[in-house]
Amino acid sequence: MSGGQTCPDTRPLRMPRVLSDLRTRLRARARTALASRGIEVRRTRGARQTLPAILAHYRELGFAPNVVFDVGVGPGTPELYAGFPDARLVLVEPLEEWGPHFEWVRRGRDTETIFAAAGATPGEVEIFVDRAPWCSSVFGGLRGEDTEGARRSVPVVRLDDVARERELVGPFVVKADVEGAELDVLSGALDVLRATELVLMEVSLFELIPGAPQFHDVVLWMHDHGFAVADLFDPQNRPLDGALARLDVAFVQEDGRFRQNHSYATSDQLDALYASWGLS
Numbered sequence: 003m004s005g006g007q008t009c010p011d012t013r014p015l016r017m018p019r020v021l022s023d024l025r026t027r028l029r030a031r032a033r034t035a036l037a038s039r040g041i042e043v044r045r046t047r048g049a050r051q052t053l054p055a056i057l058a059h060y061r062e063l064g065f066a067p068n069v070v071f072d073v074g075v076g077p078g079t080p081e082l083y084a085g086f087p088d089a090r091l092v093l094v095e096p097l098e099e100w101g102p103h104f105e106w107v108r109r110g111r112d113t114e115t116i117f118a119a120a121g122a123t124p125g126e127v128e129i130f131v132d133r134a135p136w137c138s139s140v141f142g143g144l145r146g147e148d149t150e151g152a153r154r155s156v157p158v159v160r161l162d163d164v165a166r167e168r169e170l171v172g173p174f175v176v177k178a179d180v181e182g183a184e185l186d187v188l189s190g191a192l193d194v195l196r197a198t199e200l201v202l203m204e205v206s207l208f209e210l211i212p213g214a215p216q217f218h219d220v221v222l223w224m225h226d227h228g229f230a231v232a233d234l235f236d237p238q239n240r241p242l243d244g245a246l247a248r249l250d251v252a253f254v255q256e257d258g259r260f261r262q263n264h265s266y267a268t269s270d271q272l273d274a275l276y277a278s279w280g281l282s
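Position in the sequence shown counted from 1, then plus 2, gives you the working numbering.
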């Protein structure tokens with residue numbers, strides 16, 4: 003001590019920090035132990051990890067699209083349809099075998115089904131029909147696939163032509179799950195994209211199908227066309243080595259309604275956050 007002053011009592015400040023640090027370490031150990039057993043624990047109000055959570059978020063922000071394009075329908079995307087129950091559905095699917103699987107969608111719903119591949123240029127394209135039909139792709143089979151599979155020609159439509167011919171009006175949602183051909187789909191939908199608030203795509207982190215774009219290619223293309231990454235969800239690891247191989251990405255317009263404010267939080271929210279960390 004010096005100058006006749008005493009050191010301030012730091013115990014009220016330090017103890018919450020000690021307890022907070024202890025809780026943090028205990029949580030980390032518990033999560034590590036669970037993760038080693040294949041179990042993950044997440045906050046329900048934390049990062050959104052599923053399509054229903056993504057759609058609920060945008061509904062809470064007041065988003066109600068007029069039209070939802072589901073490109074690469076497969077057996078159907080019921081979470082997407084339920085997420086926007088008042089939107090018109092345009093289902094674009096190259097394999098007619100899937101038709102009976104989403105017949106239920108048409109019941110009581112404004113729905114149109116187009117059996118074709120969506121692409122940049124109308125005409126025809128050859129598609130590799132995988133033994134797992136939801137893995138079928140115009141780029142061919144997966145690397146490591148030990149079967150040739152079947153190939154067939156299917157018609158190609160442009161989403162811009164579909165929207166113009168049917169006089170569809172945005173705002174739109176575009177979902178594309180076409181095993182590597184997502185950028186071909188969007189290249190034929192440049193007019194549609196101008197009225198699209200939300201794009202949902204499955205993206206690969208490896209060139210799982212020869213010639214197919216990877217995550218960085220897709221993000222760059224979307225950035226060049228005015229879209230930014232908004233959410234990452236439904237990650238998939240590859241059996242080969244457990245590496246993250248695919249995930250779904252939600253994109254929104256770079257300068258659109260969902261990116262008007264770039265602040266992290268309000269002052270009151272930051273105060274509450276810091277208080278939860280034991281900070282004044």
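Glycine is no exception: its CB is placed at the ideal position from the N, C-alpha and C atoms.
Given residue i, which residues of its chain have a CB within under 7 Å of its CB, disregarding the five upstream and five downstream residues?
i, result
"alanine 197", "Gly172, Pro173, Phe174"
"tyrosine 60", "Leu200"
Between residue i and residue j, is the Cβ-Cβ spacing less than 8 Å?
i, j, result
"leucine 144", "leucine 210", "yes"
"valine 194", "alanine 120", "no"
"serine 189", "alanine 122", "yes"
"glycine 248", "valine 254", "Reading off the sequence, residue 248 comes out as arginine, not glycine. No. Outside cutoff."
"proline 96", "glutamate 126", "no"
"aspartate 273", "glutamate 204", "no"
Is it right to say residue i is buried, meaning 16 or more other beta carbons lie within 10 angstroms of its own, or is it exposed?
i, result
"tryptophan 100", "buried"
"threonine 284", "A query on residue 284 cannot be resolved here, the shown segment of the chain reaching from 3 to 282 and no further."
"leucine 185", "buried"
"alanine 84", "exposed"
"threonine 268", "exposed"
"proline 215", "buried"
"arginine 154", "exposed"
"tyrosine 266", "exposed"
"alanine 49", "exposed"
I'd like to confirm the pairing. Which residues does DSSP put opposite residue i in its beta bridges?
i, result
"serine 206", "Arg248"
"leucine 200", "Val175, Val254"
"valine 194", "Beta-bridge pairing links valine 194 to no other residue."
What span of residues does the beta strand (DSSP E) with residue i cover, start to end?
i, result
"aspartate 243", "No beta strand (DSSP E) contains aspartate 243, which DSSP labels as neither H nor E."
"glycine 125", "125-131"
"aspartate 72", "69-73"
"aspartate 236", "229-239"
"leucine 63", "Taken as a continuous stretch (DSSP letters only), leucine 63 belongs to no beta strand (DSSP E), as it is neither H nor E."
"leucine 281", "Neither: leucine 281 is in no beta strand (DSSP E) and is coded neither H nor E."
"leucine 93", "90-94"
Using C-beta distances below 6 Å, list every residue in its chain close to residue i, excluding the 5 sequence neighbours before and after it, in chain order.
i, result
"alanine 252", "Ile56, Leu202, Ala232, Asp233"
"aspartate 112", "Arg90"
"threonine 115", "Leu93"
"alanine 165", "Val194"
"arginine 259", "none"
"valine 70", "Phe86, Ala89, Leu91, Val175"
What residue range does the alpha helix (DSSP H) around residue i cover?
i, result
"glutamine 271", "269-278"
"alanine 165", "161-167"
"valine 220", "217-226"
"isoleucine 116", "Not the alpha helix (DSSP H): isoleucine 116 falls in the beta strand (DSSP E), residues 113-116."
"valine 187", "184-189"
"leucine 82", "80-85"
Taking 8 Å as the limit between beta carbons, can you name the residues of its chain near residue i, skipping five residues before and five after?
i, result
"threonine 12", "Only weak support exists for where threonine 12 lies, its pLDDT of 41 falling under 50; the coordinates are left without a value."
"glutamate 98", "Phe117"
"valine 220", "Glu184, Leu185, Met203, Val205, Val251"
"asparagine 68", "Ala89, Arg90, Leu170, Val171, Gly172, Pro173, Phe174"
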